[in-house]
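Everything on this sheet refers to the single structure shown next.
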Amino acid sequence: MDINMYNPFIVPFAFGVIVLFINLFIAFVSWIYHLDKQQSKHVLKNIISFKTIAAIWEALRECIFHRNIFKRNPVLGYMHLCFAFGWLALIVVGKMEAVAYVGEYWTNPWLAIFLRFFEDGRAFPHKEVYAFVMDLLLTFVLSGLLLALIKRVYSQLLGMKKTTKHTPSDRIALISLWCIFPLRLLAESATAAIKHNGGFLTQSLGNLLANLPIEHFVLPLWWAYSIALCLFFIFMPFTRYMHIFSEVLLVFFRKWGVTESEKKTGYTDMEINACSRCGICIDVCQLNTAANFNNVQSVYFIRNAREMVNNTKVINNCLMCNRCVDACPVGIKTTLVRQLFREKDGFNKTNYYDYLNTLSSDNKSKKYSIAYFAGCMSHLTPSIINSMKTIFDKAGENYCFIDEDKNLCCGKPLRQQGFLTQAEALKKHVTEIINQTDADFLVTSCPICYNSFVNEYNELKMPVLHHTQYIDMITTNGKIVLEKKNLSMVYHDPCEISRGCNIYEEPRNVLRKTGNLFSTENEKNDTLCCGGSIADTAIEGTDIEAIAKNTFATLTKSNPDILVTACPLCKKTFMRNNAACVKDISEIVVDSLNID
Amino acid sequence: MNTFDSIIIGAGPAGLKAADTLANFNRKVLLIDTDAKIGGKLNLWDRLFPDFSSSQELLNQLSKNINNENVTLKLNTNIISIKNNDNHWMATDSNGNTFYATTMIIATGFDVFDAHRKEEYGYGIYKNVITSVDLEKILSGEVSIETPSKVAFIQCVGSRDEKVGNNFCSKNCCICAVKQTIELKEKFPLTDIYCFYMDLRMFGQSYEELYRRSQQDYGVNFVRGRVSEISPTMDNKVVLKAEDTLLSRPLKLTADLVVLMVGMEASKGTKILGNQLNINNTDGFVKSTDRYLSDSETTLKGLFVTGTSKRQMSIPETMNDAVNAAVIVNNFLNTL
Amino acid sequence: MISFGFSLNTSRTIDIDADNFDKCHSLINHVPSYKRCIGCGGCAATCSAQQHSQFNILKCNLLFRRGEYDTLSNELDKCMLCGKCLLVCPRNVNTRAMIISMRNLLKTK
């Protein structure tokens, strides 16, 4: 340590850094402490493995280079890259320069930041190169800052229709962040005007400043720079900028196999704090684009969660279509987090839905090839049930219809609303009833049930198929033969089986055999929600209609004869617009069957 | 030269009555309809409520004066655009013919609700689910069926239903169902009839009396509850599920025939013209300027509206409204 | 003591004067649509839980509206939240939100 290289102006900076690290330490320890048993087990199992290396790579790629944002919009990606990579490089190269200047590794830690001020003009290895590189990096960061300023005023340029609204603490941090780099530029330039130690940028500006009485401003400028840093560091843990560190932590824990649990845990906090409030989720949310809700999107919900302002109107207002999850550059499972926040306390009896105990399926004398579970909603679209019966008969299946007379709910709607005990109770009953059939396959017509069977039901004794998969299977193996008709069709991917379960090709395979299938703007994992989602309890019928209308219009832009879907709920929702041209895939198949 | 005092679009009861009245005032009238015959929706019904008079008899009375020299009738003519040019109205049909007149009367009427849109009732899926319009053909003898043992009527299909975007009451279905249950009972005395309703609205002259007779003289059963879904049985019948709301208990009923009492929506033509001229209500019907004082006028000068293109009406109401519109149009022509 | 005055069987009477409507009013803030119900019974007829139990969603709504909360809490636990009622309601009542809000309101004394 060299006592000569000290000036009181570094005190605010040092104070800020210390406060920042204390805050970070407390937060991180508390999150890790609050992981549940299962999650900790995953961490301990995977911490010494290649997964850690993969995590390092991902952290570099996403947290420093922001590859996902780049993929979405290069300009926006560049802006984030400028701040993250530019700033980190300024610190790293600054440290290297300080080491080269002092000649030993252990230098005063603040030299990496303030070296220009303390430099006494002596020569050190690669002095010009360092000056050039440091200025280049500063220019780089400043260019990002310019874009950020433009984004505030004119967000469309960066591919965003709407940008996040700020909280007061965000604003202080944002203003200090914006001040940091211009102040650094001014401080270094002022010093360069006197000491002639700047690079291409700071020296040129310094030469201009040399005409002014600049010597009076040098020290105040460095003070201002240090105070800006201090302010930013102190406020940072309480603002969106916390994501800079939390995101890295999240990447590691995710790579180690940690996922959201049934209840809120430390991992939930990591996810909540890893949100950079970039606002990408705002534009993909149909509640914003089609129904004019501007304060319920994941970014706002997560902000509320961080600030512990629980607003049920916001928490409940989500279609859970997972479009935002798909778009999130940080990969936060926003809908799962929301589900955790919907958790209802005080509902934990042991005998929920005991009235289902009396149910049992009929005789077990014959062996069923198919157990058919239509799902609640399918009973309101008899066309689907009717078509499926025809298809089963045609394919020569010996099937039993589990919920023909009495509907059973799979429990997903309860789970989405945070009634976990109830959902588990229902799951237990339904599993038992399904397993009693002892069939070869379980086929369901409801995407919600399918998703639930695949992801939640771990004790089913038979493989589960959605009817799109089943029909694809029996057309491929020749159990039924389809006749191609001269019909133009578009296919709407229901959220729960598309983004939820990756069923994309099966329905398309089937439809190509029955007519001319055309693609639409939003398909496969970019599919839109029909609006009828039962995950959202906060919206009114008129809002559902607005979303349905919008989605219907987008899907039928090419004026197809038929809009095909594979979900009773989607079908019913779309039929409000136009009954004639909305059909389920099973109806299309029956129309194309060669009935002898 | 295709110039008239008035062009009436739609040759249903409203259009016919208005044309007749204007012709009596010695006005030259052009009566246009897309259909191949006159009468519009009157042709869908066999007998009329509440007195079981014949619809064809009424139609004959209405069309008697249409061969008058003052009335030009153009059927199979589909008007696709209406324009106002220098206080003259022009109507252009799909073949490119243009007709000119000083005034224009919209009498494009209503459409019956497409029951396919309420899929849970299985119209088009189960053979024994029919609409009230289909039932008229059975009642008139045009279509014959075997004697059903149980028949269910479902009220408010496509009316008072936000799910199909029709928040209004169609107002005629209640009494129409009562009329049809009586007719059906006369045709098949041994058939049990159940009528599922949300509210029964018997506001017209002798409607309540007819309702009373259906209960007392014909033994029709009225159940207060909306049917939620219909499913098939093994022997090709259907099962209805409803809640008997007066007893607070679920109810099911196996029926051989289900009749959906379909509501009245603004017709396609009404919606198109209303949109084109920007004179429609949110529910698709055409808006008159004031329902108390100027119910035949629209916001456009020389453009008038009558009958069920405005709102749901019974046939007597339509007749009165058409006469009213004709008088107003004649007065308007007098002031020119 | 024998009273010859006018009396009603109090246990069956819905006493509008004595009932407390706080929860009933508070539900309107949460689910404004719940008072739109015209009691058609479509929800109750289609209800999945009704097919297995005595659950009656329409009755729950009506009892809540009349301030008769006593028996409701256990009743509401039978609902599976499947959402069929939402699809059949002609008045677009947000039935599921109604059930959830009722459950929450009844939990808080």
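Those protein sequences? They're chains Z, F and R, same order as listed. Here the first sequence stands for residues 128 to 723, numbered as in our numbering. Here the second sequence stands for residues 44 to 379, numbered as in our numbering. Here the third sequence stands for residues -2 to 106, numbered as in our numbering. Beta carbons are placed, not taken as given, at the ideal position from N, Cα and C, and that holds for glycine. Only a predicted model underlies this, so the values are computations on that prediction, with no experimental measurement involved.
1) Specify the secondary structure class of M128 of chain Z as computed by DSSP and reduced to three states.
2) Distance check for N422 of chain Z and V716 of chain Z, CA to CA, integer angstroms please.
3) By how many angstroms is the C-alpha of S124 of chain F removed from the C-alpha of A134 of chain F?
4) For K56 of chain R, does the count of other Cβ atoms within 10 angstroms reach 16, so buried, or fall short, so exposed?
5) Output, in chain order, the set of chain R residues within a Cβ distance shorter than 9 angstroms of K533 of chain Z.
6) Starting from P509 of chain Z, find everything on chain F with Cβ-Cβ shorter than 9 angstroms and list it in chain order.
7) Is it buried or exposed, K126 of chain F, if we count other Cβ atoms within 10 angstroms and call 16 or more buried?
8) Kindly identify the DSSP beta-bridge partner or partners of R292 of chain F.
9) State whether the stretch 339 to 357 of chain Z contacts the stretch 308 to 328 of chain Z, with contact taken as three or more CB pairs (one from each stretch) at a distance under 8 angstroms.
10) Leaving out five residues on either side along the sequence, give the residues of the same chain with a beta carbon under 8 angstroms from the beta carbon of L253 of chain F.
11) By how many angstroms is the C-alpha of F210 of chain Z removed from the C-alpha of M128 of chain Z?
12) What in chain Z is Cβ-close to N91 of chain R, meaning under 9 angstroms?
13) Out of curiosity, what's the CA-to-CA distance linking L335 of chain Z and F327 of chain Z?
14) Can you have a look at Y281 of chain Z and say buried or exposed, based on whether 16 or more other CB atoms are within 10 angstroms of its CB?
15) For the stretch 492 to 504 of chain Z, which residues have a beta carbon sitting closer than 8 angstroms to at least one beta carbon of chain R?
16) What ranges does the alpha helix (DSSP H) occupy inside the stretch 516 to 560 of chain Z, keeping only unbroken runs of at least 4 residues that lie completely in it?
17) Is D157 of chain F close to chain Z? Criterion is C-beta to C-beta, closer than 8 angstroms.
18) In angstroms with no decimal places, state the Cα-to-Cα distance between V378 of chain Z and I671 of chain Z.
19) With 8 angstroms as the threshold, decide whether the Cβ of H619 of chain Z is near any Cβ in chain F.
20) If you run the structure through DSSP and keep just helix, strand and coil, what is V302 of chain F?
21) Taking CB distances under 8 angstroms as the criterion, tell me whether M515 of chain Z reaches chain A.
22) Taking A706 of chain Z as the query, report the chain F residues whose CB atoms sit under 7 angstroms from its CB, ordered along the chain.
23) So, are the CB atoms of L264 of chain Z and G213 of chain Z less than 8 angstroms apart?
24) For a contact meaning CB atoms closer than 8 angstroms, what does A42 of chain R contact in chain Z?
25) What is the rounded straight-line gap between the Cα of C76 of chain R and the Cα of F52 of chain R?
26) What are the boundary residues of the beta strand (DSSP E) that includes T174 of chain F?
27) Count the CB pairs spanning the stretch 344 to 351 of chain F and the stretch 52 to 60 of chain F that are closer than 8 angstroms, and state whether there are at least three.
28) In the DSSP assignment, the beta strand (DSSP E) including E308 of chain F goes from what residue to what residue?
29) Give the range of the beta strand (DSSP E) segment to which E272 of chain F is assigned.
30) How far does the beta strand (DSSP E) with D297 of chain Z in it extend, from its first residue to its last?
31) Compute the beta-carbon to beta-carbon distance between H593 of chain Z and I630 of chain Z, rounded to the nearest angstrom, for a pair I have assumed lies under 8 angstroms.
32) Can you give me the Cβ contacts of P87 of chain R inside the same chain, cut-off strictly under 8 angstroms, excluding the 5 residues immediately before and after it?
33) Report the neighbours of M702 of chain Z on chain F: residues whose CB is nearer than 7 angstroms to its CB, in chain order.
34) Compile a chain-ordered list of the residues in the stretch 561 to 584 of chain Z whose CB is closer than 8 angstroms to at least one CB of chain R.
35) What is the rounded straight-line gap between the Cα of M435 of chain Z and the Cα of G393 of chain Z?
36) Hey, out of Z:A320, Z:A239, Z:Y368, Z:K554, whose CA is closest to S303 of chain Z's CA?
On the basis of the supplied data:
1) Working through the first sequence from its first residue, we reach residue 128 of chain Z at position 1. Note that M128 of chain Z has pLDDT 48, beneath the 50 cutoff, so the model's placement of it is unreliable and no number is given.
2) As a working mapping, residue 716 of chain Z is identified with position 589 in the first sequence. As a working mapping, residue 422 of chain Z is identified with position 295 in the first sequence. Each residue's Cα considered, the two are about 43 angstroms apart.
3) Residue mapping note: residue 134 of chain F aligns to position 91 of the second sequence, counting from 1. Residue mapping note: residue 124 of chain F aligns to position 81 of the second sequence, counting from 1. One C-alpha to the other measures close to 6 angstroms.
4) Against the third sequence, residue 56 of chain R aligns to sequence position 59. Residue environment analysis places K56 of chain R among the buried positions, since at least 16 neighbouring C-beta atoms fall within 10 angstroms of its C-beta.
5) Locating residue 533 of chain Z in the first sequence gives position 406, counting from the first residue. S45, Q48, H49, listed in chain order.
6) Numbered from 1 along the first sequence, position 382 holds the residue referred to as residue 509 of chain Z. In chain order: E162, E163, Y164, G165, I168, Y169, E272, I273, S274, P275.
7) For this step, residue 126 of chain F is matched to residue 83 along the second sequence. Under this definition K126 of chain F is an exposed residue.
8) Position 249 of the second sequence, counting from 1, holds the residue named residue 292 of chain F. For R292 of chain F, DSSP records a beta bridge to F:D287.
9) Between the stretch 339 to 357 of chain Z and the stretch 308 to 328 of chain Z, the count of C-beta pairs closer than 8 angstroms reaches three or more; the two stretches touch.
10) Walking along the second sequence from the start, residue 253 of chain F turns up at place 210. Only residues of its own chain outside the window of five on either side were considered, and among them F92, P93, I218, V221, K222, I225, M245 have a CB closer than 8 angstroms to the CB of L253 of chain F, listed in chain order.
11) Taking the first residue of the first sequence as 1, we reach residue 128 of chain Z at position 1. Taking the first residue of the first sequence as 1, we reach residue 210 of chain Z at position 83. At M128 of chain Z the pLDDT is 48, less than 50, meaning the model places this residue with poor confidence; the figure from the coordinates comes in the next sentence. Going by the C-alpha atoms only, they are around 30 angstroms apart.
12) As a position in the third sequence, residue 91 of chain R is number 94, starting the count at 1. Identification of chain Z residues near N91 of chain R by a Cβ-Cβ cut-off of 9 angstroms yields T664, A665, I666, E667, G668, ordered along the chain.
13) Numbered from its first residue, the first sequence carries residue 335 of chain Z at position 208. Numbered from its first residue, the first sequence carries residue 327 of chain Z at position 200. Cα to Cα, L335 of chain Z sits roughly 13 angstroms from F327 of chain Z.
14) Residue 281 of chain Z sits at position 154 when you count from the first residue of the first sequence. Exposed.
15) For the stretch 492 to 504 of chain Z, the set of positions with a beta-carbon nearer than 8 angstroms to some beta-carbon of chain R reads C503, M504 in chain order.
16) As summarised for the stretch 516 to 560 of chain Z, the continuous alpha helix (DSSP H) elements at least 4 residues long and confined to that stretch are 539 to 543, given in chain order.
17) The sequence position of residue 157 of chain F within the second sequence is 114, counting from 1. At a cut-off of 8 angstroms, the C-beta of D157 of chain F has a neighbouring C-beta in chain Z.
18) Numbered from its first residue, the first sequence carries residue 378 of chain Z at position 251. Numbered from its first residue, the first sequence carries residue 671 of chain Z at position 544. Distance between the alpha carbons of V378 of chain Z and I671 of chain Z: 36 angstroms.
19) Looking up residue 619 of chain Z in the first sequence gives position 492. H619 of chain Z has a beta carbon lying at 8 angstroms or more from every beta carbon in chain F.
20) Indexing the second sequence from 1 puts residue 302 of chain F at position 259. Strand, per DSSP.
21) Absent here is chain A; the protein component of the structure consists of chains Z, F and R.
22) Residue numbering aside, residue 706 of chain Z sits at position 579 when the first sequence is read from its first letter. Under the 7 angstroms cutoff, chain F gives D157, H159, R160.
23) Locating residue 264 of chain Z in the first sequence gives position 137, counting from the first residue. Locating residue 213 of chain Z in the first sequence gives position 86, counting from the first residue. Yes. Within cutoff.
24) Within the third sequence, residue 42 of chain R is the residue found at index 45, counting from 1. Scanning chain Z for C-beta atoms nearer than 8 angstroms to the C-beta of A42 of chain R yields nothing, as the closest lies near 11 angstroms away.
25) Along the third sequence, read from residue 1 onward, the residue named residue 76 of chain R stands at position 79. Along the third sequence, read from residue 1 onward, the residue named residue 52 of chain R stands at position 55. Taking the CA atoms as reference points, C76 of chain R sits about 7 angstroms from F52 of chain R.
26) Locating residue 174 of chain F in the second sequence gives position 131, where the first residue counts as 1. 172 to 174 is the extent of the beta strand (DSSP E) around T174 of chain F.
27) Cβ pair count under 8 angstroms is three or more, so yes.
28) Indexing the second sequence from 1 puts residue 308 of chain F at position 265. 307 to 309 is the span of the beta strand (DSSP E), which, as asked, contains E308 of chain F.
29) On the second sequence, position 229 is the one that residue 272 of chain F refers to. Counted as a single uninterrupted DSSP element, the beta strand (DSSP E) harbouring E272 of chain F occupies residues 272 to 275.
30) The sequence position of residue 297 of chain Z within the first sequence is 170, counting from 1. In the DSSP assignment, D297 of chain Z falls outside any beta strand (DSSP E) and within the unbroken alpha helix (DSSP H) covering 295 to 322.
31) Stepping through the first sequence from its first residue, residue 593 of chain Z is reached at position 466. Stepping through the first sequence from its first residue, residue 630 of chain Z is reached at position 503. Going by Cβ atoms, the distance from H593 of chain Z to I630 of chain Z rounds to 6 angstroms, so yes, they are a contact pair.
32) Position 90 of the third sequence holds residue 87 of chain R. I35, C37, G39.
33) One-based indexing of the first sequence puts residue 702 of chain Z at position 575. Here the neighbours are R160, E162.
34) Taking 8 angstroms as the Cβ-Cβ cut-off, the stretch 561 to 584 of chain Z has no residue approaching chain R.
35) Position 308 of the first sequence, counted from the first residue, corresponds to residue 435 of chain Z. Position 266 of the first sequence, counted from the first residue, corresponds to residue 393 of chain Z. If you draw a straight line from the Cα of M435 of chain Z to the Cα of G393 of chain Z, it is about 15 angstroms long.
36) As a position in the first sequence, residue 303 of chain Z is number 176, starting the count at 1. Closest option to S303 of chain Z, judged by alpha-carbon separation, among Z:A320, Z:A239, Z:Y368, Z:K554: Z:Y368.
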